[in-house]
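A.B. asks: Chains D and F are the protein sequences, given in the same order. The opening position of the first sequence corresponds to residue 3 in our numbering, with each subsequent residue numbered one higher. The opening position of the second sequence corresponds to residue 3 in our numbering, with each subsequent residue numbered one higher.
There are 2 protein chains.
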Amino acid sequence: MREAVVAAVHAELVEHGYAGLTVENVADRAGVHKTTVYRRWGTVDVLIADALDHTAETTWPVPDTGTIEGDLIAIATEVADTFTDPDHSSVPVAVVAAALQSDRALQAKRRFYAARQEAAARVVTRAVHRGELPPPADPVEVIRQTCAPLYHRVFISGEPVDRATAERAARAALAAARTGLL
Amino acid sequence: MREAVVAAVHAELVEHGYAGLTVENVADRAGVHKTTVYRRWGTVDVLIADALDHTAETTWPVPDTGTIEGDLIAIATEVADTFTDPDHSSVPVAVVAAALQSDRALQAKRRFYAARQEAAARVVTRAVHRGELPPPADPVEVIRQTCAPLYHRVFISGEPVDRATAERAARAALAAARTGLL
Numbered sequence: 003m004r005e006a007v008v009a010a011v012h013a014e015l016v017e018h019g020y021a022g023l024t025v026e027n028v029a030d031r032a033g034v035h036k037t038t039v040y041r042r043w044g045t046v047d048v049l050i051a052d053a054l055d056h057t058a059e060t061t062w063p064v065p066d067t068g069t070i071e072g073d074l075i076a077i078a079t080e081v082a083d084t085f086t087d088p089d090h091s092s093v094p095v096a097v098v099a100a101a102l103q104s105d106r107a108l109q110a111k112r113r114f115y116a117a118r119q120e121a122a123a124r125v126v127t128r129a130v131h132r133g134e135l136p137p138p139a140d141p142v143e144v145i146r147q148t149c150a151p152l153y154h155r156v157f158i159s160g161e162p163v164d165r166a167t168a169e170r171a172a173r174a175a176l177a178a179a180r181t182g183l184l
Numbered sequence: 003m004r005e006a007v008v009a010a011v012h013a014e015l016v017e018h019g020y021a022g023l024t025v026e027n028v029a030d031r032a033g034v035h036k037t038t039v040y041r042r043w044g045t046v047d048v049l050i051a052d053a054l055d056h057t058a059e060t061t062w063p064v065p066d067t068g069t070i071e072g073d074l075i076a077i078a079t080e081v082a083d084t085f086t087d088p089d090h091s092s093v094p095v096a097v098v099a100a101a102l103q104s105d106r107a108l109q110a111k112r113r114f115y116a117a118r119q120e121a122a123a124r125v126v127t128r129a130v131h132r133g134e135l136p137p138p139a140d141p142v143e144v145i146r147q148t149c150a151p152l153y154h155r156v157f158i159s160g161e162p163v164d165r166a167t168a169e170r171a172a173r174a175a176l177a178a179a180r181t182g183l184l
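1) At a CB distance below 8 Å, what residues from the region 82-105 of chain D approach chain F? Give them in sequence order.
2) Excluding sequence positions up to five away, which residues of its chain have a Cβ less than 6 Å from the Cβ of C149 (chain D)?
3) Are V25 (chain F) and D89 (chain F) closer than 8 Å when you measure CB to CB?
4) Between the region 26-53 of chain D and chain B, which residues of the former have CB atoms less than 8 Å from a CB of the latter, in chain order?
5) So which residues on chain D does L23 (chain F) lean against when the C-beta distance must stay under 8 Å?
6) Check whether the region 145-161 of chain F and the region 130-141 of chain D touch, using three or more Cβ-Cβ pairs below 8 Å as the test.
7) Quick check: is the beta carbon of L74 (chain D) nearer than 8 Å to any beta carbon in chain F?
8) Compare the C-alpha of H56 (chain D) against each of D:A117, D:A175, D:V156 and D:G133 and name the closest.
9) Could you pull out every unbroken alpha helix (DSSP H) segment of at least 4 residues lying fully inside the region 24-75 of chain F, listed in chain order?
10) Within the same chain, show all residues whose beta-carbon is closer than 6 Å to that of W43 (chain D), passing over the 5 residues directly before and after it, in chain order.
11) Closest by CA to A209 (chain D), which one among D:F114, D:A122 and D:H35?
12) Could you round the C-beta distance between R113 (chain D) and A58 (chain D) to whole angstroms and report it? I think they count as a contact, below 8 Å.
13) Taking T181 (chain F) as the query, report the chain D residues whose CB atoms sit under 8 Å from its CB, ordered along the chain.
14) What is the DSSP secondary structure of G133 (chain D), counted as helix, strand or coil?
15) With 9 Å as the limit, tell me which residues of the region 145-165 of chain D have their beta carbon closer than that to any beta carbon of chain F; keep them in chain order.
16) Could you confirm whether any beta carbon from chain D is found closer than 8 Å to the beta carbon of A129 (chain F)?
17) Flag K111 (chain F) as yes when its Cβ comes closer than 7 Å to any non-hydrogen atom of the ligand MN, and as no otherwise.
18) Determine which residues of the region 113-127 of chain F have a Cβ less than 8 Å from any Cβ of chain D, and write them out in chain order.
19) Over the uninterrupted alpha helix (DSSP H) stretch that includes Q103 (chain F), give me the two end residues.
20) Are A21 (chain D) and Q103 (chain F) closer than 8 Å when you measure CB to CB?
21) By the three-class DSSP mapping on this structure, what secondary structure does A123 (chain F) have?
22) At what residues does the alpha helix (DSSP H) containing I145 (chain F) begin and finish?
23) Which value, in whole angstroms, describes the spacing of the CA atoms of T38 (chain D) and P141 (chain F)?
24) Give the single residue among D:A179, D:D47 and D:R173 whose Cα lies nearest to the Cα of L108 (chain D).
25) Give me, in chain order, the residues of the same chain whose beta-carbon lies closer than 6 Å to that of R106 (chain D); leave out the 5 immediate sequence neighbours on both sides.
26) With DSSP collapsed to three states, give me the class of P94 (chain F).
27) In terms of residues, what are the limits of the alpha helix (DSSP H) holding V15 (chain F)?
28) If you draw a straight line from the alpha carbon of G19 (chain D) to that of S91 (chain D), how long is it in whole angstroms?
29) Can you tell me whether DSSP reads G22 (chain D) as helix, strand or coil?
30) By Cβ distance below 8 Å, which residues in the same chain neighbour A171 (chain F) in space, the five residues on each side in sequence not counted?
31) Let me confirm a value: R155 (chain D) is counted as buried when at least 16 other C-beta atoms fall within 10 Å, else exposed. Which label applies?
32) Quick one: give me the first and last residue of the alpha helix (DSSP H) that L176 (chain F) is part of.
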């Protein structure tokens, strides 16, 4: 049942967005009784949180291009591509919205990004082992710096993202990492 | 009347946050008839958008410490301080939440950040004139890079911000700007 409900949350978000998500529509689409969905999840924010927990359980393939520049550009490009495709962006947009309204969603979002940042930081520790970078005080900081300008455009300044902004963000993070600042 | 309503929006957000904001409470606090507030603003998201437009009309004092490093650290520190004080963070948090639900709020948020980023970029053009920096292709990009890691922590990864994270973000942006990458 959880699989069906999670899939329905994703499909409903793609079609109607966060503002149009209702427990009723998710139940209908999943073919599950409304009362069951209400009893187990309660609100749309909990549905979104559980869908995110479900995504967090899948393995994310960490880029391995052979260079730290290639890896960081791959990570940034994946973020930019997510937010240029409405089918892909509807879920992270809903997650940020839900986390601003629900503590359960906020905790799910924190766990999700902590796990992804930790996984992505492997590209930094690999680069340190290859002698490409001085060891950063915090390898995750290189990942934050790589992704932050893209999320800032999407959620704060409301400016567009594309592969050029992704490459620039990755190269800027790398420049800071090379000077030993991160 | 607008002044009273805008002040009431701020006060209500500080006390009850975005989830607790209602047109009724804003009207009560402002001493304005409910029907008038409904007719002129309609929803809480429009109230938030108008409060933001009002803030955008006030002049923001651009830091001028004498060095680009000092100026960028001042800008980043102001962002970090905003988000470590619940009295100050409730408004920007509500703005981001409202912009995810309302096109009117989204437009207000875009205008606000475009104006602030443009104003802040004056510290970059001044530094170029002083010979501290090579001329960036886009002076605003230095500002985005300075502030983005802080907003990313607050709204995306849900990690804390403080003056140390602010200084690091400013120094990393400056390192990228010095290499001519921005």
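Beta carbons: idealized from backbone N, C-alpha and C, even for Gly. Since the model is a prediction, treat every value here as computed from it, not as a measurement.
C.D. replies: Considering the structure as presented:
1) V95, V98, A99, A101, L102 and Q103
2) Locating residue 149 (chain D) in the first sequence gives position 147, counting from the first residue. V81, listed in sequence order.
3) Walking along the second sequence from the start, residue 25 (chain F) turns up at place 23. Walking along the second sequence from the start, residue 89 (chain F) turns up at place 87. No, the Cβ-Cβ distance between V25 (chain F) and D89 (chain F) is not below 8 Å.
4) Structure shown: chain B not included; protein chains present are D and F.
5) For this step, residue 23 (chain F) is matched to residue 21 along the second sequence. Chain-ordered listing is empty here: chain D has no CB closer than 8 Å to the CB of L23 (chain F), the nearest sitting near 11 Å.
6) no
7) Numbered from its first residue, the first sequence carries residue 74 (chain D) at position 72. Not a single C-beta of chain F is nearer than 8 Å to the C-beta of L74 (chain D).
8) If you number the first sequence from 1, residue 56 (chain D) lands on position 54. Closest option to H56 (chain D), Cα to Cα, is D:A117.
9) 25-32, 36-42 and 46-59
10) Your numbering for residue 43 (chain D) matches position 41 in the first sequence. L49, listed in sequence order.
11) Here chain D covers residues 3 to 184 and nothing more, so residue 209 (chain D) does not appear.
12) For the purposes of this step, residue 113 (chain D) is identified with residue 111 of the first sequence, where counting begins at 1. For the purposes of this step, residue 58 (chain D) is identified with residue 56 of the first sequence, where counting begins at 1. With a Cβ gap of about 6 Å, R113 (chain D) and A58 (chain D) count as contacting.
13) If you number the second sequence from 1, residue 181 (chain F) lands on position 179. A177, listed in chain order.
14) One-based indexing of the first sequence puts residue 133 (chain D) at position 131. DSSP places G133 (chain D) outside both helix and strand once states are collapsed to three, so it counts as coil.
15) R146, Q147, C149, A150, P151, L152, Y153, H154, R155, F157, I158, S159, G160 and E161
16) The residue given as residue 129 (chain F) occupies position 127 in the second sequence. Answer no: the Cβ-Cβ gap between A129 (chain F) and chain D never drops below 8 Å.
17) The ligand MN is not part of the structure shown, which contains no ligands of any sort.
18) Y115, A116 and Q119
19) Position 101 of the second sequence, counted from the start, is the residue given in the question as residue 103 (chain F). For Q103 (chain F), no alpha helix (DSSP H) encloses it, and the DSSP letter there is neither H nor E.
20) Taking the first sequence and counting its residues from 1, one reaches residue 21 (chain D) at position 19. Taking the second sequence and counting its residues from 1, one reaches residue 103 (chain F) at position 101. Yes, the pair counts as a contact, with Cβ atoms nearer than the cut-off.
21) The residue you call residue 123 (chain F) lines up with position 121 of the second sequence. If DSSP states are grouped into helix, strand and coil, A123 (chain F) belongs with coil.
22) Here the question's residue 145 (chain F) lines up with position 143 in the second sequence. That run of the alpha helix (DSSP H) goes P141 to Y153.
23) Locating residue 38 (chain D) in the first sequence gives position 36, where the first residue counts as 1. Locating residue 141 (chain F) in the second sequence gives position 139, where the first residue counts as 1. Rounded to whole angstroms, T38 (chain D) to P141 (chain F) spans 54 Å at the Cα level.
24) In the first sequence, residue 108 (chain D) corresponds to position 106, counting from 1. For L108 (chain D), the nearest C-alpha among the options comes from D:D47.
25) Numbered from its first residue, the first sequence carries residue 106 (chain D) at position 104. Cβ within range, chain order: V48 and A51.
26) Position 92 of the second sequence, counted from the start, is the residue given in the question as residue 94 (chain F). In the three-state reduction of the DSSP assignment, P94 (chain F) falls in the helix class.
27) Working through the second sequence from its first residue, we reach residue 15 (chain F) at position 13. Checking the sequence, you will find Leu at residue 15 (chain F) rather than Val. Going by DSSP, L15 (chain F) is part of the alpha helix (DSSP H) stretching over R4 to H18.
28) Taking the first sequence and counting its residues from 1, one reaches residue 19 (chain D) at position 17. Taking the first sequence and counting its residues from 1, one reaches residue 91 (chain D) at position 89. Using only the alpha carbons, I get a separation of about 10 Å.
29) Taking the first sequence and counting its residues from 1, the one referred to as residue 22 (chain D) is at position 20. Residue state, collapsed to three classes: helix.
30) Counting from one through the second sequence, the residue named residue 171 (chain F) turns up at place 169. Cβ neighbours of A171 (chain F) beyond the five flanking positions: A78, Q147, T148, C149, A150, P151 and L152.
31) For the purposes of this step, residue 155 (chain D) is taken as residue 153 along the first sequence, with counting starting at 1. Label assigned to R155 (chain D): buried.
32) As a position in the second sequence, residue 176 (chain F) is number 174, starting the count at 1. For L176 (chain F), the enclosing alpha helix (DSSP H) starts and ends at R165 to R180.
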